[in-house]
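**Student:**
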Amino acid sequence: MSEINLNPAKEVIPESVQKPRASSGHQQDWKPWQLFLFRIAFVFFILMSVPNNPEWYKNAFSIDWTNLHYRDPYDIARFGSGLDWFGNRIFGSPLQGYAVWIITLLFSVAAGLLWTLGEKLAKKKVHNYDKLNYWLRTIVRYRAGIGIIGFGFTKLLPTQMPYPSLGLLNTDFGDFTLQKIYWLSIGIVPWYQVFAGVVEITAGVFLFFRQTTTLGAVLLFGALGDIVYVNFAYDGGVHVYSSYFVLLSAFLLVQDTPRVFNLIVREKFTLPAHYYYPVFDQTWQKIARYGIKTTIIGVFLILFFYLSLVNLLYDPYKQPAVKGVSELRGNYNVTSFSINGQELSYSPLDTVRWKWATFENWSTLTFKVNKPTNLDLSNGGGSPMRDIERTFELTGTGGGQRVFYYQADTVNQVLYLQDKFKERGGRNFAARDGAEFQHKPADNTTGNNLKSNEPDPNWIPEEALSNIGDETYKIDPRASSTRRIREYADAPVNEKRNRMILNYQSSDNGARVILTGIDENKDSLHVVLDRVHKSYTLSESSIQAGKYD
Amino acid sequence: MSKQEFIPAEWTSTEKILFRFAFIFFIVLVVPFNAGFYKLLFSTNWLQSEYGDLFALVRYTPDFTGNPSHWLNVLIVVIIAAAGAALWTFTDKNTKEYARLYYWLRVLVRYRLAAALLVFAFIKYYPLQSPEPSVSNLNTAYGDFSAWKIFSLTLGVVPGYQSFLGLTELLAALLLLNRRTATLATLVIIPFTGNVFFSNLAYEGGEGYYSFYLLLLAGFLLLFDVKRLYSLIAQEQPTFPNRFNPVFSDTWKKNSRYALKGLFIGVFVIWYGAKAHAAYSNDPYQYPKFPGLESSAGLYNVREFRLNHQELPYSAVDPVRWQDVVFEKWNTISIRSNRPVIIDSANTEHIHSEDKYRNYELLGSAGRHYYSYETNPEKGELTLSNRNHHYAGETLALSYTRPDSSTFILQGLNENRDSIYVVLEKIEKKYLFEEVRKTGRRGALKL
Numbered sequence: 413m414s415e416i417n418l419n420p421a422k423e424v425i426p427e428s429v430q431k432p433r434a435s436s437g438h439q440q441d442w443k444p445w446q447l448f449l450f451r452i453a454f455v456f457f458i459l460m461s462v463p464n465n466p467e468w469y470k471n472a473f474s475i476d477w478t479n480l481h482y483r484d485p486y487d488i489a490r491f492g493s494g495l496d497w498f499g500n501r502i503f504g505s506p507l508q509g510y511a512v513w514i515i516t517l518l519f520s521v522a523a524g525l526l527w528t529l530g531e532k533l534a535k536k537k538v539h540n541y542d543k544l545n546y547w548l549r550t551i552v553r554y555r556a557g558i559g560i561i562g563f564g565f566t567k568l569l570p571t572q573m574p575y576p577s578l579g580l581l582n583t584d585f586g587d588f589t590l591q592k593i594y595w596l597s598i599g600i601v602p603w604y605q606v607f608a609g610v611v612e613i614t615a616g617v618f619l620f621f622r623q624t625t626t627l628g629a630v631l632l633f634g635a636l637g638d639i640v641y642v643n644f645a646y647d648g649g650v651h652v653y654s655s656y657f658v659l660l661s662a663f664l665l666v667q668d669t670p671r672v673f674n675l676i677v678r679e680k681f682t683l684p685a686h687y688y689y690p691v692f693d694q695t696w697q698k699i700a701r702y703g704i705k706t707t708i709i710g711v712f713l714i715l716f717f718y719l720s721l722v723n724l725l726y727d728p729y730k731q732p733a734v735k736g737v738s739e740l741r742g743n744y745n746v747t748s749f750s751i752n753g754q755e756l757s758y759s760p761l762d763t764v765r766w767k768w769a770t771f772e773n774w775s776t777l778t779f780k781v782n783k784p785t786n787l788d789l790s791n792g793g794g795s796p797m798r799d800i801e802r803t804f805e806l807t808g809t810g811g812g813q814r815v816f817y818y819q820a821d822t823v824n825q826v827l828y829l830q831d832k833f834k835e836r837g838g839r840n841f842a843a844r845d846g847a848e849f850q851h852k853p854a855d856n857t858t859g860n861n862l863k864s865n866e867p868d869p870n871w872i873p874e875e876a877l878s879n880i881g882d883e884t885y886k887i888d889p890r891a892s893s894t895r896r897i898r899e900y901a902d903a904p905v906n907e908k909r910n911r912m913i914l915n916y917q918s919s920d921n922g923a924r925v926i927l928t929g930i931d932e933n934k935d936s937l938h939v940v941l942d943r944v945h946k947s948y949t950l951s952e953s954s955i956q957a958g959k960y961d
Numbered sequence: 088m089s090k091q092e093f094i095p096a097e098w099t100s101t102e103k104i105l106f107r108f109a110f111i112f113f114i115v116l117v118v119p120f121n122a123g124f125y126k127l128l129f130s131t132n133w134l135q136s137e138y139g140d141l142f143a144l145v146r147y148t149p150d151f152t153g154n155p156s157h158w159l160n161v162l163i164v165v166i167i168a169a170a171g172a173a174l175w176t177f178t179d180k181n182t183k184e185y186a187r188l189y190y191w192l193r194v195l196v197r198y199r200l201a202a203a204l205l206v207f208a209f210i211k212y213y214p215l216q217s218p219e220p221s222v223s224n225l226n227t228a229y230g231d232f233s234a235w236k237i238f239s240l241t242l243g244v245v246p247g248y249q250s251f252l253g254l255t256e257l258l259a260a261l262l263l264l265n266r267r268t269a270t271l272a273t274l275v276i277i278p279f280t281g282n283v284f285f286s287n288l289a290y291e292g293g294e295g296y297y298s299f300y301l302l303l304l305a306g307f308l309l310l311f312d313v314k315r316l317y318s319l320i321a322q323e324q325p326t327f328p329n330r331f332n333p334v335f336s337d338t339w340k341k342n343s344r345y346a347l348k349g350l351f352i353g354v355f356v357i358w359y360g361a362k363a364h365a366a367y368s369n370d371p372y373q374y375p376k377f378p379g380l381e382s383s384a385g386l387y388n389v390r391e392f393r394l395n396h397q398e399l400p401y402s403a404v405d406p407v408r409w410q411d412v413v414f415e416k417w418n419t420i421s422i423r424s425n426r427p428v429i430i431d432s433a434n435t436e437h438i439h440s441e442d443k444y445r446n447y448e449l450l451g452s453a454g455r456h457y458y459s460y461e462t463n464p465e466k467g468e469l470t471l472s473n474r475n476h477h478y479a480g481e482t483l484a485l486s487y488t489r490p491d492s493s494t495f496i497l498q499g500l501n502e503n504r505d506s507i508y509v510v511l512e513k514i515e516k517k518y519l520f521e522e523v524r525k526t527g528r529r530g531a532l533k534l
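Those protein sequences? They're chains A and B, same order as listed.
The numbering used here applies: residue 413 is where the first sequence begins, and numbers increase by one.
The numbering used here applies: residue 88 is where the second sequence begins, and numbers increase by one.
(1) Run the CB neighbour count on Glu521/B, radius 10 Å, all protein chains shown included, and call it buried at 16 or more, exposed below.
(2) Starting from Leu483/B, trace the beta strand (DSSP E) both ways and give me its first and last residue.
(3) When you compare the CB of Glu679/A with every CB in chain B, is at least one pair closer than 8 Å?
(4) Tell me, to the nearest whole angstrom, how far the beta carbon of Gly808/A is from that of Leu827/A; I am working on the premise that it is less than 8 Å.
(5) Please name the residue or residues paired with Gln498/B in a DSSP beta bridge.
(6) Please confirm whether Asn840/A has its beta-carbon closer than 8 Å to some beta-carbon of chain B.
(7) Indicate the three-state DSSP secondary structure (helix, strand or coil) for Asp603/A in the structure shown.
(8) Quick one: is Lys767/A near chain B, going by C-beta distance under 8 Å?
(9) Rounded to a whole number of angstroms, what is the C-alpha to C-alpha distance between Asp484/A and Ile475/A?
(10) Throw me the rounded Cβ distance for the Ala545/A and Phe633/A pair, which I believe falls under 8 Å.
(11) What is the DSSP secondary structure of Pro246/B, counted as helix, strand or coil?
(12) Going residue by residue through the segment 191–272 of chain B, where are the continuous alpha helix (DSSP H) segments of at least 4 residues, counting only ones entirely within it?
(13) Under 7 Å Cβ-Cβ, which residues of chain A neighbour Thr462/B?
(14) One question on the structure: do Arg490/A and Gly562/A come within less than 8 Å of each other, judged by their Cβ atoms?
(15) Counting only Cβ pairs nearer than 8 Å, list the residues of chain B close to Asp831/A.
(16) So is Tyr444/B buried or exposed if we call it buried at 16+ other beta carbons inside 10 Å?
(17) Quick one, are the C-beta atoms of Ala608/B and Pro95/B less than 8 Å apart?
(18) With 7 Å as the C-beta to C-beta threshold (strictly closer), list the residues of the segment 189–223 of chain B near chain A in chain order.
(19) Determine the closest residue to Val512/A out of Met460/A, Lys536/A, Asp542/A and Ile488/A, with distance taken between C-alpha atoms.
(20) Identify every residue that forms a DSSP beta bridge with Thr182/B.
(21) Mind pulling the alpha helix (DSSP H) runs of 4 or more residues that sit fully within the segment 277–361 of chain B?
(22) Less than 6 Å between C-beta atoms, sequence neighbours within five positions excluded: which residues of the same chain meet that for Asn745/A?
(23) How would you write the range of the alpha helix (DSSP H) that Asn745/A sits in, first residue to last?
(24) With a threshold of 8 Å between beta-carbons, can Ile600/A be considered close to chain B, or not?
(25) Out of curiosity, what's the CA-to-CA distance linking Leu274/B and Lys946/A?
(26) Give me, in chain order, the residues of the same chain whose beta-carbon lies closer than 7 Å to that of Phe106/B; leave out the 5 immediate sequence neighbours on both sides.
(27) Tell me His437/B's beta-bridge partners as DSSP assigns them.
(28) Go ahead and label Ser436/A buried or exposed: buried means 16 or more other beta carbons lie within 10 angstroms of its beta carbon, across all protein chains shown.
(29) Please list the residues of the segment 317–336 of chain B that have a C-beta atom closer than 7 Å to any C-beta atom in chain A, keeping them in chain order.
(30) Are the beta-carbon atoms belonging to Gly881/A and Ala733/A less than 8 Å from one another?
(31) How would you label Lys533/B, buried or exposed, when you count the other beta carbons within 10 angstroms and need 16 or more for buried?
(32) I want to verify the contact list: residues of chain B whose CB lies under 7 Å from the CB of Ala645/A, in sequence order.
(33) Taking DSSP's pairing of strands, which residues face Ile422/B in a bridge?
(34) Measuring alpha carbon to alpha carbon, tell me which residue in Tyr687/A, Ser750/A, Ala472/A and Pro574/A is nearest Lys543/A.
(35) Would you kindly work out how many angstroms separate the C-alpha atoms of Tyr482/A and Arg529/B, rounded to a whole number?
(36) Looking at C-alpha atoms only, which residue of Ile558/A, Ala662/A and Tyr575/A is the closest neighbour of Asp487/A?
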């Protein structure tokens, strides 16, 4: 059905292409402008394909390959690149993060000119860069492929956009940032996220093979082009990194686009691109080639898949991993609320009284108060190991909702709570790409001041601490990793956060919970919570992330 | 275009059988035969019509089951095409190829697909399909929406992005209008509509079947060049292009070709585009048009609530007491309370010109009850009618006074004929995404 009007047997194949295609050795002359542009492109795309941050190398060499976390290969796959020795601003502006690209391009033009000059002086006659072009394309193919696969796995095993927590479900639509609105809209449909992951990983895998490179590049170009637009529209903050894949895939498409146009639109007889393919006839060459390819596929597909699966099941990286107290779960109406012995009756306008509370499946208590509060406008991303730093449930969210992390002494029934909001600076605080400006560490001159009102380091008694236990090992052992152990070991001690200490008494398996104790202002609280079975219109998540039973 | 028609080679018998199947299959899919289509076509006064009429007409899909979106319809078309192809193969032993017929089938499918894309493209390019969320929508809990509604609201907050999607769809549709760019069009349409298809499945939308239908058409068009693309790009072989071009030798043929093409562009691009633009400027179709009470729009706290002369205190769980009230710019009031809502879950796209059918604001949404209202300002009367078809006939007969610009006092009978007395006080609510637009995400924000 498809090939109705083409009978190659009857067509005359032009003389010039009847020769067998040489894999190498067959020389085709490039035009001078092609040679010149290639030199620039070569320098540019090499610089754009290698990590520019020393931290990346440090991190890559510190990975413990015997006890991995999904974030280890992710961090290898995800890096910034381009030339930033000359800073990352042009005329004082980071140009939304694209200034590094332009600086890299300017440098590449200069390098291309020098290269051209060098060849002129050496009086070397260059016919083409077929070989170099092959290797450049190979580097770009693998860079783009590995990079997008790194992103794809957090969607294929949907953890990048978690299903909204109860606190988020109870927040009005108008109380989110645009970024949050978009992230949540993907989080509510895990299977769609899986589909997006399949697209990204397919594109990446296609880039590992010559014959499918163009198809992979088309997929990548289309999918990431949309994501770039989404990031600008919703202020998602990942516009530069997503544009990066558009740029790399566009480069890979340069060769075939005019040919497709010639064949399909102009309806002309078309020769394929003249690719140089290296001949690997030495044994060591073959071993090296297949060894490298197998290693990349083994690490970035098979191992990565396994680690991402473990992450989804036991340690979904954007939501706390350790389960909360079993009887403290669900939505609670605040039936009565006393502060310093004085009962406050409910009013939605009250600036002290809690209106509504939730205990999540994990170690989080939320409540709403009609009082402006500091907001964390970041994406709540990264991959902090510690539950207190997993902030997706509060970032980009207003509406007076307060979010507290608790450590529970279940023997004495006491919750030691800390505010999940923390004043941050620099990269953590702002969206990802836009924040690639230099950030000064916190000013130390106020150190003396801090001392006087430094929080009490012993606010959790010894006995309670031993009842609470070590959070490091509270997740499923399959999800344990060196990264987790190291990060918990290096955790800041005695952080300055709002604190509450509340005794809890629950009856009827948590249907009623009475909290008594002191809040962040050292006022004494007595709060009666009654569980409300709330049925949401939104369908429940079809894929359960984490393990909280 | 060469004057001489290319003489195609003979097709294999498999190719011929497959083609016969495809021919019948796509003719049945594309050529309207349901009476409903023609009723709509002839009952509309096209001289005074609105873009919504064309939109409704273009949505046609063949219907054998009484539900045009039922998947069984495709199966029936497959059976018809298989039976037809068998009969055709049995009776036709002499035909050597169907190159010409294939060309004309592609023409039909191309234009059918282009029409479908254009009517959706313009209501996205002028962001009508997913309007900015209403005040009521902004004051509804995230979990009280259906996934489909969230999808639409999420698109609604970024009109620029919606326009971009519309533009993409528009360009793809225009590429379909030329034979030689049709394949490029399908390379845009298949990912685009494929994404729409998956979104509909994931978000429980109602356009899954229809987007699948469009994907079938686009896939068929792509098949034409797929082998050539594979040969050139994956196999890296010298490749011949399509050789079959229609020859329009007679002047009348040439003229009618241009006339038909012109007519199509005139109706679907120029007329429809202009109408969509006018609607966007004057009368976006998702929300009612009739204006609400003067300077009433906004969110109100329910400061006082008496039921049968008895004061009910604030409560987050009381099914009777109201929690807050929204006056929209148009004549809708929505009331948040803990009284359950049976949601109206319609999730397919229709363009209505009458206010009473424009129910986007309440679709897929619980948490609030939505009422349209009529007022008699002289007597201070306010009559509310529930807009949700599950509560058809539910009315509240109230009177109102406005002691100052930010307060409403409502009294009268509620839906159960109980007497109520309600004091509403306007809240200057700030919405986070709007505040962040002003200050950016880099600074600290307290809200």
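Just so it is clear, CB atoms sit at the ideal spot from N, CA and C, and this is done for glycine as well.
**Tutor:** Concretely, from the data shown:
(1) exposed
(2) Thr482 to Thr488
(3) yes
(4) In fact, because the Cβ distance is near 26 Å, the residues do not count as touching under 8 Å.
(5) Ser486/B and Tyr508/B
(6) Only weak support exists for where Asn840/A lies, its pLDDT of 40 falling under 50; the value from the coordinates is given anyway. False, the Cβ-Cβ gap to chain B never drops below 8 Å.
(7) As written in the sequence, residue 603/A is Trp, which differs from the Asp given in the question. The answer is helix: DSSP assigns Trp603/A an H, G or I state.
(8) yes
(9) 7 Å
(10) Reading off the sequence shown, one finds Asn at residue 545/A, where the question assumed Ala. Not confirmed; about 19 Å, so no contact.
(11) helix
(12) 222–225, 234–243 and 246–263
(13) Here the premise fails: no neighbours, minimum Cβ distance about 27 Å.
(14) yes
(15) Result: empty, since nearest Cβ-Cβ is about 14 Å, beyond 8 Å.
(16) exposed
(17) In this structure chain B extends from 88 to 534, so residue 608/B is not present and cannot be described.
(18) Tyr189 and Pro220
(19) Met460/A
(20) None; Thr182/B has no bridge partner.
(21) 295–316 and 338–351
(22) Asp942 and Val944
(23) Where Asn745/A is concerned, there is no enclosing alpha helix (DSSP H), although the beta strand (DSSP E) it sits in stretches over Gly742 to Ile751.
(24) yes
(25) 45 Å
(26) Tyr185 and Tyr189
(27) Answer is none; His437/B lacks a bridge partner.
(28) Here Ser436/A scores only 45 on pLDDT, less than 50, and its place in the model is too uncertain to base an answer on.
(29) Leu319, Ile320, Ala321, Glu323, Gln324, Pro325, Thr326, Phe327, Pro328, Asn329, Arg330 and Phe331
(30) no
(31) exposed
(32) Val245, Gly247 and Tyr248
(33) Val412/B and His456/B
(34) Tyr687/A
(35) 29 Å
(36) Ile558/A
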